[in-house]
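The structure under discussion appears below in the form of structure tokens.
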Amino acid sequence: MSVAQPDVSVIIGAYEAMPYLIDCLASLEAQTIDPGRIEVIAIDDGSTDGSGEYLEEFAASAPMPVTVIRQENSGGPSGPRNVGLGKAAGRYVFFLDADDRLGNEALERMVAMADRCGTDVVLGRVEGINRSAPKSMWGSTLERTDVFSSKIKFTLSAQKLFRHELLKRHGMRFDESLWTGEDALFTMEAYLRANGVSVIADYTCYYLVGREDGKHVTKSGSYTLRFDSARALMELIARMVPAGERRDVLMVRPFLVTLLPQFGPKFLKDGDEVRRRKLELAGPLMEAYWRDGVARRIKVHERLRLHLVAAGRPELLVDVLKFLRAQKEPEAVLESRGHDLYLAYPHFRDDAGVPDSVYLAEPYEARGYPGYREGGPAALMRRAARGARRALTVLGTRASAA
16 MSVAQPDVSV IIGAYEAMPY LIDCLASLEA QTIDPGRIEV IAIDDGSTDG
66 SGEYLEEFAA SAPMPVTVIR QENSGGPSGP RNVGLGKAAG RYVFFLDADD
116 RLGNEALERM VAMADRCGTD VVLGRVEGIN RSAPKSMWGS TLERTDVFSS
166 KIKFTLSAQK LFRHELLKRH GMRFDESLWT GEDALFTMEA YLRANGVSVI
216 ADYTCYYLVG REDGKHVTKS GSYTLRFDSA RALMELIARM VPAGERRDVL
266 MVRPFLVTLL PQFGPKFLKD GDEVRRRKLE LAGPLMEAYW RDGVARRIKV
316 HERLRLHLVA AGRPELLVDV LKFLRAQKEP EAVLESRGHD LYLAYPHFRD
366 DAGVPDSVYL AEPYEARGYP GYREGGPAAL MRRAARGARR ALTVLGTRAS
416 AA
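Per this note's numbering, the very first residue in the sequence shown carries number 16; after that it's consecutive.
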């Protein structure tokens with residue numbers, strides 16, 4: 016007698032997850048999808064707090080098939096997830112962290128969306144409990160979108176529904192050499208390889224739970240690990256997307272989310288040696304991937320900080336960070352009959368030599384200031400230049416394909 020293939024394999028990596036694991040597993044039992052349509056693969060990653068024993072108790076009484084694997088601690092979430100992937104039999108795979116939980120209808124809704132739309136990745140709305148959660152991508156439910164035309168690049172955690180065949184076809188696994196950001200690498204690759212992505216915005220599918228002990232699957236670790244993560248993601252994007260606007264759209268994410276925080280408030284507290292080392296680590300990334308197309312997609316104060324990192328000017332960066340820490344507002348300088356608006360953060364038009372273009376607000380930021388007039392000759396020239404760059408990118412892509 017053959018056993019029907021499950022619709023979804025839920026993979027749980029657990030390390031010292033008690034008592035949060037109790038609610039996590041309860042949320043699986045509460046799923047509205049038929050228990051016969053799912054399987055659970057739980058990996059106890061060397062826990063000493065009873066997580067492994069609780070998983071085995073759950074497996075003995077759960078309404079769905081549960082496989083429990085107990086192993087020595089691997090040091091991070093990638094190893095357990097890869098073990099689970101190797102055992103998964105479902106048409107889809109969902110990664111559930113042991114300290115989080117699902118909305119009751121989550122799996123039913125996500126599987127239905129993927130089946131109806133034929134998409135390879137489904138994002139379910141995420142909410143935080145005692146911690147922050149991504150917000151910008153939940154504006155509306157999207158049956159089919161992609162990473163270039165939506166905000167999904169700002170949620171690269173692994174808690175998504177992935178079509179298993181996509182992962183198998185491309186041999187996708189989590190990078191066990193990374194101690195942080197391994198899920199961003201995996202999810203970005205899935206977005207880029209996917210035959211469409213769906214977004215469920217009208218139902219909370221996933222609850223990110225903030226632990227009172229401050230421990231999460233993602234380890235804080237040394238600042239150098241953040242640079243490793245940024246480098247890996249930038250290299251993946253560069254490998255999979257030709258140079259041009261589409262690459263620039265994606266590069267915003269590692270620059271803004273992973274790299275820029277290393278040059279925020281904590282930089283003011285860093286000693287001289289750490290500051291020097293951070294600039295040293297950032298240098299090759301700035302040289303390889305920092306482009307005008309990335310710079311104009313972020314706010315002036317973010318662009319200014321990254322410009323100073325690229326220029327190796329920590330003394331100027333400190334001035335900007337102190338200005339931001341004091342919550343001062345920059346003077347808005349209107350020129351070209353109101354069509355150009357500069358935000359006069361520190362070192363605007365002084366003898367430091369920072370180009371005016373770094374301080375020039377793009378329309379999406381300038382619209383909030385009285386007196387700004389969108390359009391005009393400068394804007395037309397910028398649009399023409401962007402159009403020319405897009406055309407060159409298309410021609411280059413066609414030439415490469417030929």
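Even for Gly, the Cβ is constructed at its ideal location relative to N, Cα and C. All of these numbers come straight from a predicted model, not from anything done at the bench.
>> For I26 and P78, I'd like the C-alpha separation in whole angstroms.
In response: Taking the CA atoms as reference points, I26 sits about 16 angstroms from P78.
> What's the gap between the Cα of S76 and the Cα of M187?
Replying inline: As the crow flies, the alpha-carbon of S76 is around 32 angstroms from that of M187.
> Relative to the C-alpha of G390, which residue among H362, E350, R159 and A41 is closest?
Replying inline: Comparing Cα-Cα distances from G390 to each of H362, E350, R159 and A41, the minimum goes to E350.
>> Since A29 and S66 should fall inside the 8 angstroms C-beta cutoff, what is the C-beta to C-beta distance between them, to a whole number of angstroms?
In response: Indeed they touch by this definition, with Cβ atoms about 5 angstroms apart.
> Are the C-beta atoms of F278 and some chain D residue less than 8 angstroms apart?
Replying inline: Reference to chain D is not applicable here, since this structure consists of a single protein chain.
> Going by other Cβ atoms of all chains shown within 10 Å of its Cβ, with 16 needed for buried, is E31 buried or exposed?
Replying inline: Buried: at least 16 other Cβ atoms inside 10 Å.
> Using a Cβ-Cβ cut-off of 7 angstroms (strictly less than) and excluding sequence neighbours within five positions of A129, which residues of its own chain qualify?
Replying inline: Contacts found: Y107, V137, L176, R178 and S213.
> Does the stretch 161-173 come within contact of the stretch 236-244, defined as at least 3 CB pairs closer than 8 angstroms?
Replying inline: No: fewer than three Cβ pairs fall under 8 angstroms.
> For M33, which three-state DSSP category applies?
Replying inline: M33 sits in coil when the DSSP states are folded into three classes, being neither helix nor strand.
> What's the gap between the Cα of V98 and the Cα of L193?
Replying inline: Answer to the nearest angstrom: the Cα atoms are 16 angstroms apart.
> What span of residues does the beta strand (DSSP E) with S213 cover, start to end?
Replying inline: V212 to V224 is the span of the beta strand (DSSP E), which, as asked, contains S213.
> Can you tell me whether S415 is buried or exposed, with buried defined as 16 or more other CB within 10 angstroms of its CB?
Replying inline: At S415, the pLDDT of 42 sits below 50, so the modelled position is not reliable; the number obtained from the coordinates is stated separately. By the neighbour-count criterion, in which a residue is buried when 16 or more other Cβ atoms sit within 10 angstroms of its Cβ, S415 is exposed.
> Smallest Cα separation from V373: which of F73, L300, I313 and G353?
Replying inline: In this structure, I313 is the residue among F73, L300, I313 and G353 with its C-alpha nearest to the C-alpha of V373.
> When you compare each of A74, P95 and P80 to S62 by their alpha carbons, which one comes out closest?
Replying inline: For S62, the nearest C-alpha among the options comes from P95.
> Using DSSP with H/G/I as helix, E/B as strand and the rest coil, what is Q20?
Replying inline: Reduced to three states, the DSSP call for Q20 is coil.
>> Taking 6 angstroms as the limit between beta carbons, can you name the residues of its chain near C220, skipping five residues before and five after?
In response: So the list reads G118, A121, G139 and R140, once near-sequence residues are dropped.
>> What does DSSP give as the partner residue(s) for V83 in the beta ladder?
In response: Under DSSP, V83 takes part in a beta bridge, and its partners are A57.
> What are the start and end residues of each continuous alpha helix (DSSP H) run of 4 or more residues lying completely inside the stretch 356-388, in chain order?
Replying inline: Note on the stretch 356-388: whole alpha helix (DSSP H) runs with a minimum of 4 residues are 378-381, in chain order.
> From this set, M125, K337 and R262, which residue's C-alpha is nearest K168's C-alpha?
Replying inline: Among M125, K337 and R262, the Cα nearest to that of K168 is on R262.
> At what residues does the beta strand (DSSP E) containing F177 begin and finish?
Replying inline: Following the DSSP letters along the chain, one finds F177 inside the beta strand (DSSP E) bounded by residues L176 to R178.
>> Please identify the residue among A104, P378 and A57 whose C-alpha is closest to the C-alpha of I84.
In response: With distances taken between CA atoms, I84 lies nearest to A57 out of A104, P378 and A57.
> In angstroms, rounded to a whole number, what distance separates the CA positions of T233 and S89?
Replying inline: With a pLDDT of only 46 at T233, under 50, the local geometry of the prediction cannot be trusted, and the value read off the model is given with reservation. About 13 angstroms.
>> For Q277, count the other beta carbons within 10 Å of its own beta carbon; 16 or more makes it buried, fewer makes it exposed. Which is it?
In response: Q277 should be labelled buried.
>> Give me the residue from L251, D38 and N210 with the minimum Cα distance to I144.
In response: Taking only the C-alpha atoms, the option nearest I144 is D38.
> For Y384, does the count of other Cβ atoms within 10 angstroms reach 16, so buried, or fall short, so exposed?
Replying inline: Burial state of Y384 is exposed, judged by a 10 Å Cβ sphere holding fewer than 16 other Cβ atoms.
> Given S235, which residues of its chain have a CB within under 7 angstroms of its CB, disregarding the five upstream and five downstream residues?
Replying inline: Note that S235 has pLDDT 49, beneath the 50 cutoff, so the model's placement of it is unreliable and the number below is only indicative. Taken in chain order, the list of residues that qualify is empty.
>> Quick check: G51 and D135, are their CB atoms within less than 8 angstroms of each other?
In response: Taking 8 angstroms as the cut-off, the Cβ atoms of G51 and D135 do not count as close.
> So, is K419 buried or exposed, given that buried needs 16 or more other C-beta atoms within 10 angstroms?
Replying inline: As displayed, the chain neither begins before 16 nor continues past 417, which places residue 419 out of reach and without an answer.
>> With three or more beta-carbon pairs closer than 8 angstroms as the criterion, would you say the stretch 253-271 touches the stretch 304-319?
In response: In short, these stretches touch, since the Cβ pair count reaches three.
> Can you give, in chain order, each stretch of the alpha helix (DSSP H) that sits fully within the stretch 291-318 and has at least 4 residues?
Replying inline: Counting whole runs of 4 or more residues, the stretch 291-318 contains the alpha helix (DSSP H) stretches 307-310.
> Unbroken beta strand (DSSP E) runs of length 3 or more, entirely within the stretch 140-198: which are they?
Replying inline: Within the stretch 140-198, complete beta strand (DSSP E) segments of at least 3 residues are found at 157-160 and 176-178, given in chain order.
> What did DSSP end up calling A75 once you bin it into helix, strand or coil?
Replying inline: Helix.
> Looking at the structure shown, is I48 part of a helix, part of a strand, or coil, going by DSSP?
Replying inline: I48 carries a coil assignment under DSSP once its states are collapsed to helix, strand and coil.
> Under 8 angstroms between the Cβ atoms of T170 and D217?
Replying inline: Not a contact, by the Cβ cut-off of 8 angstroms.
> A104 to V55, Cα distance in whole Å?
Replying inline: Their backbone Cα atoms lie some 10 angstroms apart in a straight line.
> Ordered along the chain, which non-local residues of its own chain (more than five positions away) have a Cβ less than 6 angstroms from that of A381?
Replying inline: The answer, listed in chain order, is L356 and Y387.
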